[in-house]
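A.B. asks:
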Amino acid sequence: MQQTTLNKFSFLALRVMGSLIFITAGLNHLFQTAQAAARLEKAKMGFLATSLANPELLVILSGVGLVAGGLALLAGFQTRFAALLLMLILIPITITIQMGSAATMGPLFKNIAIMGMLVFFMANGAVAYGLDQYLAGKKTLTPNVRSAAGSAIMVLAGSILFSSCTSTNGLNVSSTSSNQAQSTGKKNYGILISQPDHLKAAVNTAQTMRKEAKYNAGKIVVMACSKSVEAFKKDSDLKAVFEAGKAAGVTFTVCGMSLEKFKIAPEALMEGSTIVPNGLTYMFDLQQEGFTTVEL
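Reading the sequence shown from the start, the letters are residues 2 to 297 in the numbering used here.
#1: Rounded to a whole number of angstroms, what is the C-alpha to C-alpha distance between Val277 and Ala249?
#2: At the level of alpha carbons, what is the spacing between Ala266 and Glu296?
#3: Can you grab the Cα-Cα spacing for the pair Gln289 / Thr5, in whole Å?
#4: Can you round the beta-carbon distance between Ile96 and Leu59 to whole angstroms, since I take them to be within the 8 Å contact cut?
#5: Would you identify the three-state DSSP class for Ala100, choosing helix, strand or coil?
#6: From Phe78 to Phe233, what does the alpha carbon distance come to, in whole angstroms?
#7: To the nearest angstrom, report how far apart Thr25 and Glu57 are at their CA atoms.
#8: Name, in chain order, the residues that DSSP records as bridge partners for Leu193.
#9: If you follow the alpha helix (DSSP H) that Ser20 is part of, which residue opens it and which one closes it?
#10: Which word fits Thr141, buried or exposed, when buried means at least 16 other C-beta atoms lie within 10 angstroms of its C-beta?
#11: Sort Asn279, Leu72, Thr293 by Cα distance to Gln36 and report the nearest one.
#12: Beta strand (DSSP E) containing Ser274: first to last residue?
#13: Exposed or buried, what is Thr275 when buried is set at 16 or more other beta-carbons lying within 10 Å of its beta-carbon?
#14: Using a Cβ-Cβ cutoff of less than 6 Å, which residues in the same chain neighbour Cys256 once the five nearest sequence positions on both sides are dropped?
#15: Throw me the rounded Cβ distance for the Phe253 and Phe243 pair, which I believe falls under 8 Å.
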């Protein structure tokens, strides 16, 4: 069927309006992580996701994917792969958040309608007024480059799904090479813990790093998330370990979201504990400041 100008503009309008849904949702996930994670934990089917990984991590990963896919859809660049990426993110969100409750039937069918739009773009591409058409017309994007770009989108989709289905337990080391040396020549370290008994290992590690010159340790931060916040209560059996850490110059930081989850009042914490709203984003901040970070 020959396309008229009106037909082409209608496809453009569908693509632009649809992409704004994903961009807005992704930005909300990235800048309102705590609220989105709380909704996931409260959802009737939310356990399907939270049993696999930390809810804050899932929200951040989905936010990155939604923004990246939404921008690609908006520009009409690698549109089929962008629509596929968004579909792979939208399906688990719909299952965990929208299913299982009569109160969410409206949003459920809204998501189903959005999936129908994604199926259209997966099958037809941008159709008109997209970068795909422009690049094809100019013949500046060779078949090999198009294939590489499509593969990059697929790798992003696969990495998001893989990360969403992987537990955050185990050792996950992330170090930064730039701006790590401070004016004092010292190196700064951050340790993320998630269980109460991890406090002993973290403090022992800090004490060792203070003694051995090869670590050249400056600031050492222990970030407590999830159930590990219970170790910082005034009546904790680990109070002696906490005091040993303070003596070693350790800065103890506690996740505010985790305190709310386990119903621990701030005044119930041992003196010297610092509360931050979101422990995961705080660790990202430390990495940006040049800290070498490790997760127990």
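No residue lacks a Cβ here, since even glycine has one placed at the ideal position from N, Cα and C.
C.D. replies: According to the structure data:
#1: Here residue 277 is taken as the residue at index 276 of the sequence shown, counted from 1. Here residue 249 is taken as the residue at index 248 of the sequence shown, counted from 1. Going from the Cα of Val277 to the Cα of Ala249 covers about 22 Å.
#2: Sequence index remark: in the sequence shown, residue 266 carries index 265 (1-based). Sequence index remark: in the sequence shown, residue 296 carries index 295 (1-based). Going from the Cα of Ala266 to the Cα of Glu296 covers about 25 Å.
#3: Locating residue 289 in the sequence shown gives position 288, counting from the first residue. Locating residue 5 in the sequence shown gives position 4, counting from the first residue. For Gln289 and Thr5, the distance between alpha carbons rounds to 50 Å.
#4: Here residue 96 refers to the residue found at position 95 when the sequence shown is read from its first residue. Here residue 59 refers to the residue found at position 58 when the sequence shown is read from its first residue. So it is not a contact: roughly 13 Å between Cβ atoms.
#5: Within the sequence shown, the letter at position 99 stands for residue 100. According to the sequence provided, residue 100 is Met. The question's Ala does not apply to it. In the structure shown, Met100 sits in coil (DSSP, three-state: anything other than H, G, I, E or B).
#6: On the sequence shown, residue 78 is found 77 positions in, with the first residue counted as 1. On the sequence shown, residue 233 is found 232 positions in, with the first residue counted as 1. Their Cα atoms are separated by approximately 50 Å.
#7: Taking the sequence shown and counting its residues from 1, the one referred to as residue 25 is at position 24. Taking the sequence shown and counting its residues from 1, the one referred to as residue 57 is at position 56. Going from the Cα of Thr25 to the Cα of Glu57 covers about 18 Å.
#8: Within the sequence shown, residue 193 is the residue found at index 192, counting from 1. DSSP output for Leu193 lists Met224, Glu296 as bridge partner(s).
#9: Locating residue 20 in the sequence shown gives position 19, where the first residue counts as 1. Following the DSSP letters along the chain, one finds Ser20 inside the alpha helix (DSSP H) bounded by residues 6 to 32.
#10: Taking the sequence shown and counting its residues from 1, one reaches residue 141 at position 140. Because Thr141 sits at a pLDDT of 48, beneath the cut-off of 50, its placement in the model cannot be relied upon, and the following sentence gives the value as read from the coordinates. Taking a 10 Å sphere around the C-beta of Thr141, we find fewer than 16 other C-beta atoms and assign the residue as exposed.
#11: Locating residue 36 in the sequence shown gives position 35, counting from the first residue. With distances taken between Cα atoms, Gln36 lies closest to Asn279.
#12: Translated into the one-based positions of the sequence shown, residue 274 becomes position 273. Looking at the DSSP string, the run of the beta strand (DSSP E) that includes Ser274 is 274 to 277.
#13: Locating residue 275 in the sequence shown gives position 274, counting from the first residue. Classified as exposed, Thr275 has fewer than 16 neighbouring CB atoms from the shown chains inside 10 Å of its CB.
#14: In the sequence shown, the residue the question calls residue 256 occupies position 255. Taken in chain order, the residues that qualify are Cys226, Gly280.
#15: On the sequence shown, position 252 is the one that residue 253 refers to. On the sequence shown, position 242 is the one that residue 243 refers to. Beta-carbon to beta-carbon, Phe253 and Phe243 are separated by about 7 Å, close enough to satisfy the 8 Å threshold.
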